[in-house]
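**Student:** Residue numbers (UniProt numbering): 1 to 174.
By construction, the Cβ of each residue, glycine as well, lies at the ideal position given by its N, Cα and C atoms.
Treat the numbers as computed from the prediction; the structure is a model and nothing was measured.
1) Please work out which residues of its chain come closer than 6 angstroms, Cβ to Cβ, to residue 176, disregarding the five sequence neighbours upstream and downstream, and give them in chain order.
2) Got a sec, what are the start and stop residues for the beta strand (DSSP E) residue 41 sits in?
3) As an exercise, report each continuous beta strand (DSSP E) stretch of at least 3 residues that is fully enclosed by the segment 88-141, in chain order.
4) Over what stretch of residues does the beta strand (DSSP E) that includes residue 80 continue unbroken?
5) Near residue 39, which residues of its chain fall below 6 angstroms by C-beta distance, leaving aside the five closest residues on each side in sequence?
6) Over what stretch of residues does the alpha helix (DSSP H) that includes residue 164 continue unbroken?
7) Taking the continuous alpha helix (DSSP H) assigned at residue 75, which residues delimit it?
8) Any idea if residue 165 is buried or exposed, counting beta-carbon neighbours within 10 angstroms, 16 or more meaning buried?
9) In three-state DSSP terms, what is residue 160?
10) What does DSSP give as the partner residues of residue 58 in its beta bridges?
11) Counting only the same chain and skipping the five closest in sequence on each side, list residues whose C-beta sits under 8 angstroms from that of residue 173.
12) Could you say if the segment 43-50 and the segment 96-104 meet the contact criterion of at least three C-beta pairs nearer than 8 angstroms?
13) What does residue 170 pair with, by DSSP beta-bridge criteria?
14) Less than 8 angstroms between C-beta atoms, sequence neighbours within five positions excluded: which residues of the same chain meet that for residue 14?
15) Between residue 116 and residue 70, which are expected to be in contact by the criterion C-beta below 8 angstroms, what is the C-beta distance as a whole number of angstroms?
16) Around the Cβ of residue 167, are there at least 16 other Cβ atoms within 10 angstroms (buried) or fewer (exposed)?
17) Of the choices 131, 160, 132, 127, whose alpha-carbon is the least far from that of residue 141?
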């Protein structure tokens with residue numbers, strides 16, 4: 001009887017630990033300027049279309065979450081660099097990247113996105129709460145190179161008019 005229950009108890013313990021970890025990171029995200037919000041397939045497609053990613057370009061995703069945009073950019077031939085501090089989301093990104101065979105095109109930096117090297121970027125992806133967009137606008141325009149394309153999801157920059165918009169996706173050029 002004990003032998004039969006042992007695998008069941010191990011599985012239940014593992015699932016409980018997984019729920020606790022997921023709960024911790026969900027609560028942790030609520031206090032960040034960049035809460036995790038997984039982009040839907042249509043949104044990713046629109047972002048990639050508006051970005052006009054070309055082979056060999058470097059894409060930087062500020063708060064890369066589960067890596068959907070990084071993987072989409074890498075599939076277009078870009079070098080994709082994500083900045084993410086949530087270790088669970090980094091693990092998800094690494095698993096997806098490995099499964100897609102894009103490990104040599106996608107890099108994840110586990111550090112604060114305000115330390116991101118935007119000078120290397122041809123394209124920058126931004127998603128943040130409306131109240132943080134001024135800070136992002138200042139950061140991007142101060143640190144990115146002239147000619148860099150910036151794709152902003154949902155909440156536009158407050159002081160700069162986008163060059164183009166598709167729904168709630170906005171394109172800016174530095």
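**Tutor:** So, from the listed chains and residues:
1) With the chain running from 1 to 174 in the structure shown, residue 176 is simply not present.
2) Within the chain shown, residue 41 is the residue found at index 41, counting from 1. Here residue 41 belongs to no beta strand (DSSP E); instead the alpha helix (DSSP H) covers 41-51.
3) 106-109, 123-127
4) Locating residue 80 in the chain shown gives position 80, where the first residue counts as 1. 79-83 is the extent of the beta strand (DSSP E) around residue 80.
5) To locate residue 39, count along the chain shown from 1; it is residue 39. 68, listed in sequence order.
6) The residue given as residue 164 occupies position 164 in the chain shown. Unbroken run through residue 164 is the beta strand (DSSP E), 164-166; no alpha helix (DSSP H).
7) Here residue 75 is taken as the residue at index 75 of the chain shown, counted from 1. Note, residue 75: alpha helix (DSSP H), 68-75.
8) Translated into positions along the chain shown, residue 165 becomes position 165. Its Cβ having fewer than 16 others within 10 Å, residue 165 is exposed.
9) The sequence position of residue 160 within the chain shown is 160, counting from 1. Reduced to three states, the DSSP call for residue 160 is coil.
10) What you label residue 58 is simply residue 58 of the chain shown in a count that begins at 1. According to DSSP, residue 58 bridges with 79.
11) The count along the chain shown starts at 1 and reaches residue 173 at position 173. Contacts found: 147, 148, 149, 150, 163.
12) no
13) By one-based count along the chain shown, residue 170 stands at place 170. For residue 170, which the question treats as bridged, DSSP gives the partners 152, 165.
14) Translated into the one-based positions of the chain shown, residue 14 becomes position 14. If we look at residue 14 and ignore the five residues flanking it on each side, it has no Cβ neighbours.
15) Within the chain shown, numbered from 1, the residue matching residue 116 stands at position 116. Within the chain shown, numbered from 1, the residue matching residue 70 stands at position 70. Not a contact, Cβ separation roughly 13 angstroms.
16) The count along the chain shown starts at 1 and reaches residue 167 at position 167. Burial call: exposed.
17) Taking the chain shown and counting its residues from 1, the one referred to as residue 141 is at position 141. Nearest option by C-alpha distance: 160.
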